[in-house]
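Notes follow once the structure below has been shown.
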Amino acid sequence: MSWFRALASRRVTDASASLYSTSRIRGLASGITSRPNLDTSSTIATTKSIIPDVATTASNYQADPLVEQVVNNIMKHGKKTLARRLVSDALLYIQRISKTGDAASNPRNILSQAVDIASPLVKIASMKRGAKTIHHPRPISEHVRRRTGILWIVQAAKSRGKGKPFPERFGNEVLAVLSGESSALQKKLNLHKMALANRSNVIMQDRKIGGGSR
């Protein structure tokens with residue numbers, strides 16, 4: 001039950017675990033419009049405009065498990081090359097905004113931190129018991145945690161700033177997660193609240209399993 005105690009004590013935005021303060025992330029986000037050397041109309045208006053740099057970024061992160069998991073979750077109709085290009089463009093976009101020369105501004109580190117913050121600790125399994133539906137919280141693997149967090153970030157990005165290219169929206173959503181302003185965090189919070197509200201069902205199920213094994 002250590003996973004359940006972790007759920008009860010963990011906050012959606014753990015400042016001690018984050019590489020970024022809220023003030024810094026807001027500064028990075030505001031840099032989209034305030035940085036004089038960042039012309040969003042010329043560099044981010046279309047994904048084609050930053051394709052010359054994509055090859056370098058893709059080669060740096062192509063073998064990275066997290067980046068590949070993001071690519072696989074974005075990919076549609078088997079078009080992995082396109083999905084990889086979108087992710088590469090998003091990493092470049094994040095890098096342009098947060099370029100400070102330190103390890104914390106590495107776009108892969110920023111992405112990893114955002115995914116970790118947005119990822120839930122549990123899932124809710126629903127079971128019918130007579131006319132009632134019983135919700136059982138269940139711990140999930142690291143892979144499933146990340147997949148869920150990535151999907152929530154992608155969904156939030158698709159609803160953000162319609163009309164802008166996806167890499168820009170995804171990059172902005174990643175920064176929004178770090179600053180605690182993404183709708184992906186609300187989904188995680190709602191899920192954790194539901195798990196805590198149904199914690200008695202975890203105890204009941206564990207007793208049933210334990211009783212059956214004797």
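Following full-length UniProt numbering, the numbering of the sequence shown begins with 1 at its first residue and continues without gaps. Don't be surprised by glycine CBs; every beta carbon is placed ideally from N, CA and C.
Apart from the five residues on each side of it in sequence, which residues of its chain come closer than 8 Å, Cβ to Cβ, to residue i?
i             : result
glycine 161   : Glu168, Arg169, Asn172
histidine 136 : Ile124, Ala125, Ser126, Met127, Asn198, Asn201, Val202, Gln205
alanine 83    : Val71, Asn72, Ile74, Met75, Lys76
aspartate 64  : Arg108
proline 36    : Any reading at proline 36 must be qualified, since the residue scores a pLDDT of 36, below 50, and its modelled position is unreliable; no value is offered.
leucine 151   : Asn73
Could you compute how far the alpha carbon of residue i sits from the alpha carbon of residue j?
i              : j              : result
lysine 188     : leucine 121    : 9 Å
serine 159     : leucine 175    : 15 Å
serine 105     : histidine 77   : 33 Å
isoleucine 134 : glutamate 68   : 36 Å
glutamine 186  : proline 107    : 24 Å
valine 144     : isoleucine 153 : 14 Å
lysine 79      : lysine 132     : 43 Å
arginine 138   : aspartate 89   : 36 Å
valine 177     : valine 115     : 8 Å
arginine 147   : leucine 66     : 9 Å
isoleucine 117 : alanine 184    : 10 Å
asparagine 190 : serine 179     : 18 Å
Compare the C-beta of residue i with all C-beta atoms of chain D and state if any pair is closer than 8 Å.
i             : result
glutamate 173 : Protein chains in the displayed structure number just one, and chain D is not present.
What are the boundary residues of the beta strand (DSSP E) that residue i is part of?
i             : result
lysine 164    : No beta strand (DSSP E) holds lysine 164; DSSP gives it neither H nor E.
histidine 135 : 132–139
Over what stretch of residues does the alpha helix (DSSP H) that includes residue i continue unbroken?
i             : result
histidine 192 : 183–197
glutamine 112 : Reading off the sequence shown, one finds serine at residue 112, where the question assumed glutamine. Its alpha helix (DSSP H) spans residues 107–118.
Count the other CB atoms within 10 Å of the CB of residue i; is the residue buried (16 or more) or exposed (fewer)?
i           : result
glycine 130 : exposed
glycine 149 : buried
serine 182  : buried
serine 119  : buried
Report the three-state DSSP secondary structure of residue i (helix, strand or coil).
i            : result
alanine 63   : coil
lysine 123   : strand
lysine 80    : helix
arginine 160 : coil
arginine 26  : Reliability of the predicted coordinates at arginine 26 is poor, the pLDDT of 47 falling under 50, and the value obtained from them is presented with this limitation in mind. Three-state DSSP puts arginine 26 in a helix.
I'd like the list of long-range same chain contacts for residue i, defined as Cβ closer than 6 Å, with 5 residues on each side in sequence excluded.
i          : result
serine 141 : none
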